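Taken in order, these protein sequences are the chains called P and H.
Residue 107 in this note's numbering is what sits at position 107 of the first sequence, and the numbering runs on without skipping anything.
Residue 23 in this note's numbering is what sits at position 23 of the second sequence, and the numbering runs on without skipping anything.
Backbone N, C-alpha and C define an ideal beta-carbon position, used for all residues, glycine too.
Given the structure is predicted, the values throughout are model-derived calculations rather than measurements.
So the structure is just underneath, and the comments pick up after that.
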Amino acid sequence: MAAQAIFRKSVFINCPFDHDFQPLFRATIFTVHYAGFLARSALEVNDSSQTRLLTIFQLVAACRYGIHDLSRTELDRTSGLPRFNMPLELGIFLGCKQFGDRRQQQKRVLVLDVEPHRYQKFISDIAGQDIVAHNNDPKLAIRQTRDWLRVSYQQRDLPGGERIWQAFSEFQRDLPQICAELQLTPAELTFVDYRDIVILWQQRQDPTRTVERL
Amino acid sequence: MTRQKPVQESRRPQKPRKPQAAKRLLMPKKASPLGRSKIREAIDRVFAARGE
Chain P
1 MAAQAIFRKS
11 VFINCPFDHD
21 FQPLFRATIF
31 TVHYAGFLAR
41 SALEVNDSSQ
51 TRLLTIFQLV
61 AACRYGIHDL
71 SRTELDRTSG
81 LPRFNMPLEL
91 GIFLGCKQFG
101 DRRQQQKRVL
111 VLDVEPHRYQ
121 KFISDIAGQD
131 IVAHNNDPKL
141 AIRQTRDWLR
151 VSYQQRDLPG
161 GERIWQAFSE
171 FQRDLPQICA
181 ELQLTPAELT
191 FVDYRDIVIL
201 WQQRQDPTRT
211 VERL
Chain H
1 MTRQKPVQES
11 RRPQKPRKPQ
21 AAKRLLMPKK
31 ASPLGRSKIR
41 EAIDRVFAAR
51 GE
């Protein structure tokens with residue numbers, strides 16, 4: 001795929017990578033691909049020769065869309081400190097949109113949080129962006145992501161959130177068996193493995209889908 | 001006496017070149033190291049086991 005096409009289809013997913021968040025992360029990846037986009041994450045880059053921040057810069061620049069989840073800003077149990085990576089990456093994304101070239105100015109942002117309006121207590125400067133709540137519910141995260149992508153891309157024929165949730169439930173039923181065939185467990189899948197399984201499973205369900213040649 | 005043409009600038013000033021790394025977009029990592037054909041076969045077996 002050409003770089004410009006990749007940019008138009010790429011959705012940067014900025015979210016926690018912890019075990020508790022995985023159901024929401026995986027539901028979001030599934031929805032992004034169901035809607036015909038390409039999920040991107042810092043987890044796809046495995047290059048210890050460059051700093052993580054440089055990886056984030058490059059990834060942000062390569063994505064037209066950004067889904068930023070601010071639901072894990074509470075204090076860490078062990079350190080007693082809040083986690084700032086997600087708000088920082090949201091700031092980088094917004095800065096890139098504001099100060100970047102014409103291509104970067106096309107960026108679109110969705111901010112997710114646990115509850116509506118909670119963000120106003122810790123990051124009120126982002127008022128006016130698309131900010132929606134998922135209540136830590138993958139089904140709601142699917143609906144919010146789908147609705148936002150539909151409006152952002154003006155995709156009129158995208159099925160509703162309920163249909164995508166149904167497909168995701170079917171996928172989750174199959175995933176352990178697919179992993180067993182690959183001699184893995186679902187917990188062992190890397191981001192890139194999971195993304196490829198999603199792409200190919202969705203294509204198996206609907207052979208009219210095109211599989212991105214990365 | 002012929003009029004002298006004004007001295008022309010030899011060339012237009014060149015735009016500063018962007019560093020290559022800044023222009024290049026980060027392409028997605030290639031397909032999973034598991035291999036897409038292997039994944040496709042695994043998915044096919046799961047669908048077949050269900051009779052699809």
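Problem set entry | Simplified DSSP state of residue 14(P), which is helix, strand or coil | Here residue 14(P) is taken as the residue at index 14 of the first sequence, counted from 1. The answer is strand: DSSP assigns residue 14(P) an E or B state.
For this session: Whole angstroms is fine: what's the gap from residue 178(P)'s alpha carbon to residue 85(P)'s?
Result: For the purposes of this step, residue 178(P) is identified with residue 178 of the first sequence, where counting begins at 1. For the purposes of this step, residue 85(P) is identified with residue 85 of the first sequence, where counting begins at 1. Rounded to whole angstroms, the separation of the alpha carbons of residue 85(P) and residue 178(P) is 33 Å.
Problem set entry | Rounded distance between the beta-carbons of residue 111(P) and residue 53(P), thought under 8 Å | Residue 53(P) sits at position 53 when you count from the first residue of the first sequence. Residue 111(P) sits at position 111 when you count from the first residue of the first sequence. Under the criterion of beta carbons closer than 8 Å, residue 53(P) and residue 111(P) do not qualify as touching, at roughly 21 Å.
Exercise. Within this structure, are the beta carbons of residue 93(P) and residue 109(P) separated by less than 8 Å?
Worked result: As a working mapping, residue 93(P) is identified with position 93 in the first sequence. As a working mapping, residue 109(P) is identified with position 109 in the first sequence. Taking 8 Å as the Cβ cut-off, residue 93(P) and residue 109(P) qualify as a contacting pair.
Problem set entry | Own chain, CB closer than 7 Å to residue 120(P), minus 5 neighbours either side, in chain order | For the purposes of this step, residue 120(P) is taken as residue 120 along the first sequence, with counting starting at 1. Within the same chain, residue 120(P) has close Cβ partners 127.
Problem set entry | Nearest-angstrom Cβ-Cβ length linking residue 74(P) and residue 14(P), presumed shorter than 8 Å | By one-based count along the first sequence, residue 74(P) stands at place 74. By one-based count along the first sequence, residue 14(P) stands at place 14. Actually they do not touch by this definition, with Cβ atoms about 17 Å apart.
Problem set entry | Pick from 208(P), 180(P), 164(P) that is closest to residue 30(P), judged by C-alpha positions | Along the first sequence, read from residue 1 onward, the residue named residue 30(P) stands at position 30. Checked all of 208(P), 180(P), 164(P); the closest Cα to residue 30(P) is 164(P).
For this session: State yes or no: is the beta carbon of residue 74(P) nearer than 8 Å to at least one beta carbon in chain H?
Result: Taking the first residue of the first sequence as position 1, residue 74(P) is located at position 74. Taking Cβ atoms only, chain H never reaches closer than 8 Å to residue 74(P), which makes this a no.
Problem set entry | Nearest-angstrom beta carbon gap, residue 202(P) and residue 195(P) [assumed within contact, 8 Å] | The count along the first sequence starts at 1 and reaches residue 195(P) at position 195. The count along the first sequence starts at 1 and reaches residue 202(P) at position 202. Actually they are not in contact, since the Cβ atoms of residue 195(P) and residue 202(P) sit about 11 Å apart, beyond 8 Å.
Problem set entry | Touching by the beta-carbon criterion (3+ pairs, under 8 Å), the segment 30 to 49 of chain P and the segment 98 to 106 of chain P | no
Exercise. Using 8 Å as the limit for Cβ to Cβ distance, is residue 48(H) near chain P?
Worked result: On the second sequence, position 48 is the one that residue 48(H) refers to. So, not an interface residue.
Problem set entry | Distance, residue 36(P) Cα to residue 40(H) Cα | Numbered from 1 along the second sequence, position 40 holds the residue referred to as residue 40(H). Numbered from 1 along the first sequence, position 36 holds the residue referred to as residue 36(P). Taking the straight line from one Cα to the other gives about 19 Å.
For this session: Quick one: grab the DSSP three-state call for residue 39(P).
Result: Here residue 39(P) is taken as the residue at index 39 of the first sequence, counted from 1. Strand, per DSSP.
Exercise. Name the DSSP bridge partner or partners of residue 39(H)?
Worked result: Here the question's residue 39(H) lines up with position 39 in the second sequence. Among the bridge pairs identified by DSSP, residue 39(H) is matched with none.
Exercise. Of the residues 200(P), 158(P), 193(P), 137(P), which one's Cα is nearest the Cα of residue 28(P)?
Worked result: Position 28 of the first sequence holds residue 28(P). Among 200(P), 158(P), 193(P), 137(P), the Cα nearest to that of residue 28(P) belongs to 137(P).
Exercise. Since residue 82(P) sits in a beta bridge, which residues does DSSP pair it with?
Worked result: Looking up residue 82(P) in the first sequence gives position 82. 75(P).
Problem set entry | Sequence-distant residues of its chain with Cβ nearer than 8 Å to residue 7(P) (five each side left out) | Here residue 7(P) refers to the residue found at position 7 when the first sequence is read from its first residue. These residues qualify, in order along the chain: 62, 63, 64, 103.
Problem set entry | Closer than 8 Å to chain H by CB, residue 5(P) | Within the first sequence, numbered from 1, the residue matching residue 5(P) stands at position 5. It does not: the Cβ of residue 5(P) has no partner Cβ on chain H nearer than 8 Å.
Problem set entry | Cβ of residue 165(P) within 8 Å of any chain H Cβ | In the first sequence, the residue the question calls residue 165(P) occupies position 165. Not one chain H Cβ lies under 8 Å of residue 165(P).
Problem set entry | Uninterrupted alpha helix (DSSP H) stretches inside the segment 176 to 202 of chain P (no shorter than 4 residues) | none
Exercise. Alpha carbon to alpha carbon, what distance is there between residue 152(P) and residue 193(P)?
Worked result: In the first sequence, residue 193(P) corresponds to position 193, counting from 1. In the first sequence, residue 152(P) corresponds to position 152, counting from 1. Residue 193(P) and residue 152(P): Cα-Cα distance of roughly 27 Å.
Exercise. Any Cβ of chain H within less than 8 Å of the Cβ of residue 200(P)?
Worked result: Position 200 of the first sequence, counted from the start, is the residue given in the question as residue 200(P). By this cut-off, residue 200(P) is an interface position.
Exercise. Between the segment 178 to 190 of chain P and chain H, which residues of the former have a C-beta closer than 7 Å to a C-beta of the latter?
Worked result: 178, 181, 182
Exercise. Could one say the Cβ of residue 8(P) lies closer than 8 Å to chain H's Cβ atoms, at least one of them?
Worked result: As a working mapping, residue 8(P) is identified with position 8 in the first sequence. No, residue 8(P) lies away from the interface with chain H (no Cβ there is under 8 Å from its Cβ).
For this session: For chain H, find out if any of its Cβ atoms is closer than 8 Å to the Cβ of residue 192(P); answer yes or no.
Result: Mapped onto the first sequence, residue 192(P) falls at position 192. Chain H contact via Cβ: present.
Exercise. Would you call residue 40(P) buried or exposed, if buried means 16 or more other Cβ atoms sit within 10 Å of its Cβ?
Worked result: For the purposes of this step, residue 40(P) is taken as the residue at position 40 of the first sequence. So residue 40(P) counts as buried.
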